[in-house]
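**Student:**
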């Protein structure tokens, strides 16, 4: 089993560690083992070994090959149909791949299933300015997503509904997907499961233009935060685009961060407060995945508070 696990994640320590915890007859135990070994037993060298198992995209013909499979898959899904990528996009993707490698010392890792070349290019440009230490953590997060997908293919009996799909608990069961579609048809309204608003209590007005970042803690890790979504508060101080509209939200620990320094600089005449950033950590339980979560921020230059709203 160790060799098969190595094909899922090219780290020798990871494959040996997970194999030692097997055999597995339960999906939850397999994922728990995979995550615990990756986040708690593997070190930076082990992560880099796994990254090098991915082929480095070196020319445009290889890029075309890589994304052609995605386009053919998406062509069968009404909601994911897309046009073929342009030659210019593929050329630019290669250039940024090379630049990323030169800066960080390892290849760009992203869970690319279902993404077209333009989406990968956009993510590559966004992540390129980061430090190497930041990118190491982001790459490890993306590698774990890739690993879970491959585990679903390696153990199809444990993932009967997820074969060929994301294997994480973030995937909605089929009945949930159908319920979401029915609700949308009946009510015509779905919203982001997690929303927010910011009130500047020092001025008694909504805080417009506050950048917000929503992240979710990777399971079995202590500090690997996966980006869920980003938004900027509107003129009413509200944020409703942190996630895609849905009546389902994955359980887990979340962190919502408010760039209050950006707000102070652009909207408050440069009067800087004590907190350049305000972060709130909260947990959604398994029993709460069909609830809506409104997490507001009451802000002043010298303090902030929050509560669970409706």
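In full-length UniProt numbering, the protein residues as written are 1 to 310. Here a beta-carbon is modelled for each residue, glycine too, at the ideal position from N, C-alpha and C. Predicted model only: the values in this text are computed from it and were never measured.
Give the DSSP-derived three-state secondary structure of residue 308 in the structure shown.
**Tutor:** It is coil, neither helix nor strand.
**Student:** Determine contact between the stretch 282-293 and the stretch 219-232, defined as no fewer than three beta-carbon pairs at a distance below 8 Å.
**Tutor:** Flag = no, the stretch 282-293 and the stretch 219-232 do not touch.
**Student:** Give the DSSP-derived three-state secondary structure of residue 311 in the structure shown.
**Tutor:** No statement about residue 311 is possible, as the shown extent of the chain runs from 1 to 310 and does not include it.
**Student:** What is the DSSP secondary structure of residue 20, counted as helix, strand or coil?
**Tutor:** If DSSP states are grouped into helix, strand and coil, residue 20 belongs with the helices.
**Student:** Does the separation of the CB atoms of residue 299 and residue 198 fall below 7 Å?
**Tutor:** Yes; because the gap between Cβ atoms is below 7 Å, this pair is in contact.
**Student:** Let's test the definition: count the other Cβ atoms within 10 Å of the Cβ of residue 252 and tell me whether it reaches 16, buried, or not, exposed.
**Tutor:** Counting Cβ neighbours within 10 Å, residue 252 comes out buried, since at least 16 surround it.
**Student:** In three-state DSSP terms, what is residue 275?
**Tutor:** DSSP places residue 275 in coil when its eight states are reduced to three.
**Student:** Could you tell me how far apart the beta carbons of residue 8 and residue 151 are, in whole angstroms, since I believe they sit closer than 8 Å?
**Tutor:** Indeed, because the Cβ distance is near 5 Å, the residues count as touching under 8 Å.
**Student:** Taking the beta strand (DSSP E) that residue 215 belongs to, which residues open and close that run?
**Tutor:** It spans 211-217 - the beta strand (DSSP E) in which residue 215 sits, taken as one unbroken run.
**Student:** By alpha-carbon positions, which one of 157, 101, 17 ends up nearest to residue 52?
**Tutor:** Checking every option, the nearest Cα to that of residue 52 belongs to 101.
**Student:** Reducing DSSP to helix, strand and coil, say where residue 294 ends up.
**Tutor:** Strand, per DSSP.
**Student:** Under 7 Å between the Cβ atoms of residue 121 and residue 108?
**Tutor:** Not a contact, by the Cβ cut-off of 7 Å.
**Student:** Kindly provide the ranges of any alpha helix (DSSP H) runs that are 4 or more residues long and lie completely inside the stretch 74-136, ordered along the chain.
**Tutor:** The qualifying runs are 87-104, 117-127.
**Student:** So for residue 261, helix, strand or coil by DSSP?
**Tutor:** Three-state result, residue 261: helix.
**Student:** Residues in the same chain with beta-carbon distance under 7 Å from residue 202, minus the five sequence neighbours each way, listed in chain order, please.
**Tutor:** If we look at residue 202 and ignore the five residues flanking it on each side, its Cβ neighbours are 300, 301.
**Student:** Is residue 235 helix, strand or coil by DSSP?
**Tutor:** Coil.
**Student:** Could you pull out every residue in the same chain whose Cβ sits closer than 8 Å to the Cβ of residue 92, ignoring the five residues on either side in sequence?
**Tutor:** Answer for residue 92: 121, listed in chain order.
**Student:** List the endpoints of the continuous alpha helix (DSSP H) containing residue 27.
**Tutor:** 27-36 is the extent of the alpha helix (DSSP H) around residue 27.
**Student:** For residue 51, which three-state DSSP category applies?
**Tutor:** Of the three classes helix, strand and coil, the one that applies to residue 51 here is helix, per DSSP.
**Student:** What did DSSP end up calling residue 46 once you bin it into helix, strand or coil?
**Tutor:** Helix, per DSSP.
**Student:** Let me check one thing: in DSSP terms, what residues is residue 299 bridge-paired to?
**Tutor:** Note: residue 299 sits in a beta bridge opposite 200, 304.
**Student:** Could you check if residue 143 is buried or exposed, using at least 16 other CB atoms within 10 Å of its CB as the buried criterion?
**Tutor:** Buried: at least 16 other Cβ atoms inside 10 Å.
**Student:** Who does residue 227 pair with in a DSSP beta bridge?
**Tutor:** Note: residue 227 sits in a beta bridge opposite 215.
**Student:** Let's test the definition: count the other Cβ atoms within 10 Å of the Cβ of residue 296 and tell me whether it reaches 16, buried, or not, exposed.
**Tutor:** Its Cβ being crowded by 16 or more others within 10 Å, residue 296 is buried.
**Student:** Report the rounded CA-to-CA distance for residue 11 versus residue 304, giving the unit in angstroms.
**Tutor:** If I take the Cα positions, the gap works out to 43 Å.
**Student:** Check this for me: beta carbons of residue 156 and residue 191, under 7 Å apart or not?
**Tutor:** Contact flag unset, no.
**Student:** Would you say residue 93 lies against chain C (beta-carbon separation less than 7 Å)?
**Tutor:** Among the chains in the structure shown there is no chain C, since it carries only a single protein chain.
**Student:** Please state the DSSP three-state secondary structure of residue 205.
**Tutor:** Strand at residue 205.
**Student:** For residue 17, which residues in the same chain have their Cβ closer than 7 Å to its Cβ, ignoring the five residues on either side in sequence?
**Tutor:** These residues qualify, in order along the chain: 37, 41.
**Student:** For residue 282, write down the residues that DSSP places opposite it in a beta bridge.
**Tutor:** Looking at the DSSP assignment, residue 282 forms a beta bridge with 254.
**Student:** Helix, strand or coil: how does DSSP classify residue 287 here?
**Tutor:** Looking at residue 287 - three-state DSSP - the assignment turns out to be helix.
**Student:** Specify the secondary structure class of residue 155 as computed by DSSP and reduced to three states.
**Tutor:** Correct three-state label for residue 155: coil.
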